[in-house]
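Visitor: Here this note's numbering is used: the first residue of the sequence shown is 20, the next is one more, and so on.
First the structure, then my questions, so here it is.
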Amino acid sequence: MFAVWLMFFVVFAIGLVNFVLLVAVIRRLRAHGHEGSVESTPLSLVMSSGEPHEFVATSMDGKRVDQDTISGDAVVGFFLKGCAPCRELIPDFAAEARRRRAAGETVVAVVVGDGAAETYGPLLAGSADVVAEDSVVPGQPGYHTMAAAFDVQGFPAVVQLKDGVVVDNVRDRIVPSSARV
């Protein structure tokens, strides 16, 4: 009888240790769970060449932004609220955007997500025409104009255009205008 109780105790102890480890793993995953979500997608998927699809948007200061707006040399950046890599890129994007605007290029920053305009608008003010969009689910109602026009699937994304045609796309940097070929 002692052997049965001992075996029961061993099985119970193993089960308890297993449960404790499972809870610890779940807590760790929840703490770091957003790293693989759309908010911090490790690879940005955005069109690599060609003309964007048709779009019409309005910047936060009321300017119309469409294909004619970006028909020359332009840079368009896409940033998602709550995205850590987006927050890290914005200061560099804004600095390079100011230089490019001073050189006559068009710079547009598309901020996506509820409250993104309030979060990122002040950081980008004066450096880019800021367009706010509120949806990030491709193919769903409300998936808005510019993100869809450039086939954005991840954030952050920066697209460089020459004569209205995409010539470069990057995830985590903006190439200084002096470094372009």
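Glycine is no exception: its CB is placed at the ideal position from the N, C-alpha and C atoms.
Only a predicted model underlies this, so the values are computations on that prediction, with no experimental measurement involved.
My assumption, with CB atoms under 8 Å, is that alanine 93 sits in contact with glutamate 124. Please give the rounded CB distance.
Guide: For this step, residue 93 is matched to residue 74 along the sequence shown. For this step, residue 124 is matched to residue 105 along the sequence shown. The Cβ separation is near 6 Å, so the contact holds.
Visitor: Beta carbon of alanine 76, beta carbon of valine 150: below 8 Å?
Guide: Position 57 of the sequence shown, counted from the first residue, corresponds to residue 76. Position 131 of the sequence shown, counted from the first residue, corresponds to residue 150. In contact: alanine 76 and valine 150 (Cβ atoms closer than 8 Å).
Visitor: Examine the Cβ distances between the segment 128-137 and the segment 34-41 and report whether three or more of them are shorter than 8 Å.
Guide: At 8 Å Cβ cutoff, the stretches do not touch.
Visitor: Just curious, the beta strand (DSSP E) that threonine 164 is in, first and last residue?
Guide: The count along the sequence shown starts at 1 and reaches residue 164 at position 145. Not the beta strand (DSSP E): threonine 164 falls in the alpha helix (DSSP H), residues 164-168.
Visitor: Would you mind reading off the limits of the beta strand (DSSP E) that contains glutamate 152?
Guide: Here residue 152 refers to the residue found at position 133 when the sequence shown is read from its first residue. Note, glutamate 152: beta strand (DSSP E), 148-152.
Visitor: Taking the alpha-carbon of lysine 181 as reference, which of Val126, Glu152, Leu143, Gly145 has the nearest alpha-carbon?
Guide: On the sequence shown, residue 181 is found 162 positions in, with the first residue counted as 1. Of the listed residues, the one whose Cα sits closest to lysine 181 is Val126.
Visitor: Rounded to the nearest angstrom, what separates arginine 83 and glutamate 70 at their Cα positions?
Guide: Numbered from 1 along the sequence shown, position 64 holds the residue referred to as residue 83. Numbered from 1 along the sequence shown, position 51 holds the residue referred to as residue 70. Looking at the two C-alpha atoms, the distance is approximately 18 Å.
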